[in-house]
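As you go down the protein sequences, you meet chains R and A in turn.
Each number in my numbering corresponds to the 1-based position in the first sequence with 104 added.
Each number in my numbering corresponds to the 1-based position in the second sequence with 131 added.
For glycine and all other residues, C-beta sits at the position ideal for the given N, C-alpha and C.
As structure tokens, the structure follows; a few thoughts come after it.
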Amino acid sequence: MTAEQFGTAAGLIERSAAAFVSGVPESPADDGFFGPASVTWRLSGDLAGPIAGLRSLLMQALHPLAMAGVDQHSGWREDPVGRLAATSAYVTTVSFGERAAAERAAARVRRIHTRVRGVDQVTGRPYEASDPALLLWVHAALVESTVAVRGLFGTPLSPEDADRYVAEMVVAAELVGVPAGQVPASMAELDGYFASVRPELRCTPAAGESMAYLLDPPGLDEEIADIWQDVRYGAVVALPDWAREMYGYRVPPLTPGRREEIRQVLGVLDAAFLGEPGVLEARQRITARVRTARSAPASTARSAPASTARPA
Amino acid sequence: MKRRSKLVAGASAGTVAGAAAVAAVVVLRRRGILGGNLRLSRGLAALQLIARGGARYASSAPRLFAAAGEHRQQLRNDLALETAEDVATTLGAMKGVLMKLGQMASYIDDGLSPGVRRTLSRLQDSVPPMSPELAAQVVSEELGGPPEQVFARWDPEPIAAASIGQVHRAITHDGRAVAVKVQYPGIAETIAADLGNVALLRRMLRITAPSQDVDALLGELRDRVLEELDYRREAENQRLFAAYYDGHPTIVIPAIVDELSTRRVVTSDLADGARFAELATWPQAERDLAAETIYRFVFRSLYELHAFNGDPHPGNYLFHGGGRVTFLDFGLVRRFTAEELEPLMQMARYLCVEHDPEEFRRNLVKAGFLRADAPLSTDQVVEHMAVFYDTVRESRPLTMTGDYSSAVVHRFFDVRSPVTTYAQIPRSYVILQRINLGLFGLLGELTATANWRAIAEEIWPFVLGPPTTPMGEAEVPWRARRPATTLA
Chain R
105 MTAEQFGTAA
115 GLIERSAAAF
125 VSGVPESPAD
135 DGFFGPASVT
145 WRLSGDLAGP
155 IAGLRSLLMQ
165 ALHPLAMAGV
175 DQHSGWREDP
185 VGRLAATSAY
195 VTTVSFGERA
205 AAERAAARVR
215 RIHTRVRGVD
225 QVTGRPYEAS
235 DPALLLWVHA
245 ALVESTVAVR
255 GLFGTPLSPE
265 DADRYVAEMV
275 VAAELVGVPA
285 GQVPASMAEL
295 DGYFASVRPE
305 LRCTPAAGES
315 MAYLLDPPGL
325 DEEIADIWQD
335 VRYGAVVALP
345 DWAREMYGYR
355 VPPLTPGRRE
365 EIRQVLGVLD
375 AAFLGEPGVL
385 EARQRITARV
395 RTARSAPAST
405 ARSAPASTAR
415 PA
Chain A
132 MKRRSKLVAG
142 ASAGTVAGAA
152 AVAAVVVLRR
162 RGILGGNLRL
172 SRGLAALQLI
182 ARGGARYASS
192 APRLFAAAGE
202 HRQQLRNDLA
212 LETAEDVATT
222 LGAMKGVLMK
232 LGQMASYIDD
242 GLSPGVRRTL
252 SRLQDSVPPM
262 SPELAAQVVS
272 EELGGPPEQV
282 FARWDPEPIA
292 AASIGQVHRA
302 ITHDGRAVAV
312 KVQYPGIAET
322 IAADLGNVAL
332 LRRMLRITAP
342 SQDVDALLGE
352 LRDRVLEELD
362 YRREAENQRL
372 FAAYYDGHPT
382 IVIPAIVDEL
392 STRRVVTSDL
402 ADGARFAELA
412 TWPQAERDLA
422 AETIYRFVFR
432 SLYELHAFNG
442 DPHPGNYLFH
452 GGGRVTFLDF
462 GLVRRFTAEE
472 LEPLMQMARY
482 LCVEHDPEEF
492 RRNLVKAGFL
502 RADAPLSTDQ
512 VVEHMAVFYD
522 TVRESRPLTM
532 TGDYSSAVVH
542 RFFDVRSPVT
552 TYAQIPRSYV
562 ILQRINLGLF
572 GLLGELTATA
582 NWRAIAEEIW
592 PFVLGPPTTP
602 MGEAEVPWRA
612 RRPATTLA
């Protein structure tokens, strides 16, 4: 199989931006599952988002059954843009939507997952998308990537805020069907989970091909390929050594100068994304609510306890 | 296999956003390529991209000065930059540089639509203002005390967005009403650092026009932006202009208050007057007079002061009627040496006055606008370049139109012309493109009529003709007081 089997990346920005915008309500009835005082909201506009996202996909793909589910069911190869846009809409709605909207979106994803089942051709193991173990992997890979990449390319989270963020995100795993008791709620628990799941991970052909596509989307012209190389390098260099070795990627170490260059590229990308209709307004809605929460007497400190943002 | 899957549940919105942004570059470039000439499209997409960002920002940003509704005011307060960290988030990582590039977009215009160009130049207005506390903090650091102590009166609400800063009104202890421009904290360091990434800038600016030397353009842009980061430089420029035009009948330059001006704060007399949009509603005779003042200002400054204010943005003028105009913002001034100006004068002289095409061509080559070995007939060269002199070739009243400046620009970058291949804009003159884009664009918006050639003859050092208009007559006493040495 070759990368040519994948659909084009055209339309990605318009569709993803529309998805993002649709997930940020204009006059919400409530603050949703996280709220403006949460670390989750504070992280939302982080420049490092593109690299965090790409790195989390690289991590997620290393679970053979999770990868098989995507590869065999999702239309991923036919329409990768559509898949990513759908994901964007979902994650945005869960993060910023009202509780009712987040619950509706989650119910829909759970319904779809009940139809996604099969056998992984590499390991010969059967899988079901609604298997909490697979859902937990996907969840944990995202959460860990966000913390790791923020540390490398954004403003690093304090240990307390990192713990808060991991704890806040438990509810996102619950929404897709992972019992809360199984979800890591601190950085230490997250590390423990990664250690326990490591033996199951490997780079299958489907993972290798899918990630080869994402890292080097065919058809990019020279200048854009330049820019994409920086994002790709950032995602790969941010992987744990063991994950990079599974893929067989080799990259030079991250120097301070290289880090700065990558941040600059991320700034350009961010300006571009802001140019899509409604993106700025959606970000301003979030920022305005975060600022209001910051100055509200009840939660003046940024390190307010996570419990205020957790569901009852 | 059109079913759904499970990675869905986990991938982050950020991924998608980032990947999407990259894709946008691709998409736009493709659109650009589909839209027209392939060479022109290269790199243009990156600008259009920025422009789109700018459009959103500008249309939804809490614009200063706007007769804002309650909601807008609230939004502005909510989004105000409260800390140096907020500034870094908003303008760090190249965004401040993009904003500046937007401001200077007309340097690199090679076929952007007027709307896109305007959007780019307005990007600077798109950044939220500082909170009153943050602005006060900068004033304290720069002037040694909180603004309420340094000034007799201080208005904590900014009255205008400025380049990488904002303007506050105040009254000094000796009773002068002043405008105090306060720079965003940390912005100079951030932009200076980002300007160091020449490779990325070159990538963003890989413009297009066959006649644009990207490295020359980049070098010029960097120098100008770096200068602009230090407000002391701006104060120095403004002093130069204010001294030169002191006593001029229609040109007003607010005086700098030296003791209240530093690297990040510049204080000058507060000027009041009608904005450009209001001028556009005044009778045509008033608009013609204002246009004449601006025209005289630009060319007198260039030929006599050897300085060009490269920011003829409509927001940088205040109009008082009778042709009196206050000129604001001297952050982007290019000073020229006599050697740099010489060929420009000779070009105008030989084309418009001496009618000697061969000498005109020789000076074009000497200035670096045209390659010496260009296998072109002089007729071809004149035919191509003469459009730049359309307003001054004949002595007769002429009405500027909105189309004129874009016609000039398009002519220069017209790839269908055989001349374009051999033409370029030398680095020293990059900023002068602003004459075509800024000045003529502005005069076109005013549909101003004058005998521009006659006015030019008053100013051209190789003619120094007598006054031809009432304003020219009114300049006589002012000119009589000017020492001849100013011309050096």
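Worksheet item: For Gln286/R, which three-state DSSP category applies?
Response: Of the three classes helix, strand and coil, the one that applies to Gln286/R here is helix, per DSSP.
Practice prompt. Pick out whichever of Leu378/R, Phe257/R, Glu380/R and Ser290/R has its Cα sitting closest to the Cα of Pro263/R.
Written response: Residue Ser290/R is the option with its Cα nearest to Pro263/R.
Practice prompt. Look at Pro168/R and Thr359/R and say whether their C-beta atoms are less than 8 Å apart.
Written response: Not closer than 8 Å, so no.
Fill in: Proximity winner among Ile425/A, Asp389/A and Gly327/A, relative to Ala581/A (alpha-carbon distances)
Of the candidates Ile425/A, Asp389/A and Gly327/A, the residue whose Cα lies closest to the Cα of Ala581/A is Ile425/A.
Worksheet item: If you compare alpha carbons, which of Gln477/A, Leu507/A and Glu213/A is closest to Asn494/A?
Response: Shortest Cα-Cα distance from Asn494/A to any of Gln477/A, Leu507/A and Glu213/A involves Gln477/A.
Item to complete: Return the chain-ordered list of same chain residues with a C-beta closer than 6 Å to the C-beta of Ala252/R, the five sequence neighbours on each side being excluded.
Response: Excluding sequence neighbours, Ala252/R sits near Ala342.
Discussion item. Buried or exposed, going by whether 16 or more other CB atoms sit within 10 Å of the CB of Gln368/R?
Written reply: By the 10 Å Cβ count, Gln368/R comes out buried.
Worksheet entry | Simplified DSSP assignment, three categories, for Asn440/A | Asn440/A falls in the strand class under three-state DSSP.
Worksheet item: Excluding the five sequence neighbours on either side, which residues of its own chain have a C-beta within less than 6 Å of the C-beta of Asp487/A, listed in chain order?
Response: Same-chain partners within the cutoff: Tyr481.
Worksheet item: Which class does Leu449/A belong to by DSSP, given the choice of helix, strand or coil?
Response: Judged by DSSP in its simplified three-state form, Leu449/A adopts strand.
Worksheet item: So is Thr396/R in contact with chain A if we call contact Cβ pairs under 8 Å?
Response: Closer than 8 Å: yes.
Item to complete: Pull up the distance between the alpha-carbon of Glu367/A and that of Ala190/R, whole angstroms please.
Response: Cα to Cα, the separation comes out at about 56 Å.
Worksheet item: For the segment 448 to 462 of chain A, which residues have a beta carbon sitting closer than 8 Å to at least one beta carbon of chain R?
Response: Answer in chain order: no residues at all.
Discussion item. Could you tell me the alpha carbon to alpha carbon distance between Ser160/R and Leu261/R, rounded to whole angstroms?
Written reply: Counting only the Cα atoms, Leu261/R lies some 18 Å from Ser160/R.
Discussion item. So Gln333/R contacts chain A; which residues on that side make the cut at Cβ distance below 7 Å?
Written reply: Result: empty, since nearest Cβ-Cβ is about 11 Å, beyond 7 Å.
Worksheet entry | Near-chain R residues of the segment 317 to 328 of chain A (beta-carbon distance less than 8 Å), N- to C-terminal order | Within the segment 317 to 328 of chain A, the residues whose Cβ lies closer than 8 Å to some Cβ of chain R are Ala324, Asp325 and Asn328, listed in chain order.
Item to complete: Measure the alpha-carbon distance for Val247/A versus Ala538/A and round it to whole angstroms.
Response: Here the model assigns Val247/A a pLDDT of 43, short of 50, so the residue's position is not dependable, and the following value carries that caveat. Rounded to the nearest whole angstrom, the CA to CA distance from Val247/A to Ala538/A is 16 Å.
Worksheet entry | Pairwise C-alpha distance: Gly276/A and Pro316/A | Our two residues, Pro316/A and Gly276/A, have alpha carbons roughly 16 Å apart in a direct line.
Worksheet item: Skipping 5 residues on each side, what residues in its chain have a beta carbon closer than 6 Å to that of Phe467/A?
Response: His437, listed in sequence order.
Item to complete: Let me know the secondary structure DSSP gives Arg284/A once reduced to three states.
Response: In the three-state reduction of the DSSP assignment, Arg284/A falls in the strand class.
Practice prompt. Output the distance between the C-alpha atoms of Pro528/A and Glu606/A, rounded to the nearest integer angstrom.
Written response: In a straight line, the C-alpha of Pro528/A is about 20 Å away from that of Glu606/A.
Worksheet item: What number of angstroms, rounded off, separates the C-alpha of Trp346/R from the C-alpha of Arg363/A?
Response: Taking the straight line joining both Cα atoms gives about 54 Å.
Worksheet item: Relative to chain A, which residues along the segment 359 to 376 of chain R have a C-beta separation below 9 Å, given in chain order?
Response: Listed by position along the chain: Glu364, Glu365, Arg367, Gln368, Val369, Leu370, Gly371, Val372, Leu373, Asp374, Ala375 and Ala376.
Discussion item. I need the DSSP call for Gly378/A, collapsed to helix, strand or coil.
Written reply: Looking at Gly378/A - three-state DSSP - the assignment turns out to be coil, as it is neither helix nor strand.
Fill in: Beta-carbon neighbours of Gly275/A, restricted to chain R and to distances below 9 Å
Chain R residues near Gly275/A: none, gap ~29 Å exceeds 9 Å.
Item to complete: Kindly list the residues whose CB is nearer than 7 Å to the CB of Leu240/R, restricted to its own chain and excluding five residues on each side of it in sequence; keep chain order.
Response: If the five residues before and after Leu240/R are omitted, its C-beta is found closer than 7 Å to the C-beta atoms of Ala277, Val282, Gln286 and Val287, all from its own chain and listed in chain order.
Discussion item. By alpha-carbon positions, which one of Glu320/A, Ile322/A, Asp346/A and Ala319/A ends up nearest to Met330/A?
Written reply: Contrary to the premise, residue 330/A reads as Ala rather than Met in this sequence. Of the listed residues, the one whose Cα sits closest to Ala330/A is Asp346/A.
Fill in: DSSP state of Thr227/R mapped onto helix, strand, coil
Coil at Thr227/R, not helix or strand.
Worksheet item: Fully enclosed by the segment 542 to 597 of chain A, which beta strand (DSSP E) runs are 3 residues long or longer?
Response: Inside the segment 542 to 597 of chain A, DSSP marks no whole beta strand (DSSP E) run of 3 or more residues.
Worksheet item: Using the rule of at least 16 other Cβ atoms within 10 Å of the residue's Cβ for burial, across every protein chain shown, is Ala611/A buried or exposed?
Response: Exposed.
Worksheet item: Just the Cα atoms here: how many angstroms apart are Ser399/A and Leu449/A?
Response: Those two C-alpha atoms are separated by around 15 Å.
Practice prompt. Using the DSSP secondary-structure output, state which residues sit across from Ile302/A in a beta bridge.
Written response: Here Ile302/A is bridged, per DSSP, to Arg284/A and Ala308/A.
Item to complete: Taking all protein chains shown into account, decide if His304/A is buried (16 or more other Cβ within 10 angstroms of its Cβ) or exposed.
Response: It counts as exposed.
Worksheet item: Should Gln225/R be flagged as near chain A, meaning a C-beta pair shorter than 8 Å?
Response: Output row for Gln225/R: interface = no.
Worksheet item: Taking Cβ positions only, does Leu305/R come closer than 8 Å to chain A?
Response: Cβ-Cβ to chain A under 8 Å: no for Leu305/R.
Worksheet item: Listed from N- to C-terminal order along the chain, which residues in the segment 263 to 291 of chain R have their beta-carbon within a distance smaller than 7 Å of any beta-carbon of chain A?
Response: So the close ones are Val280.
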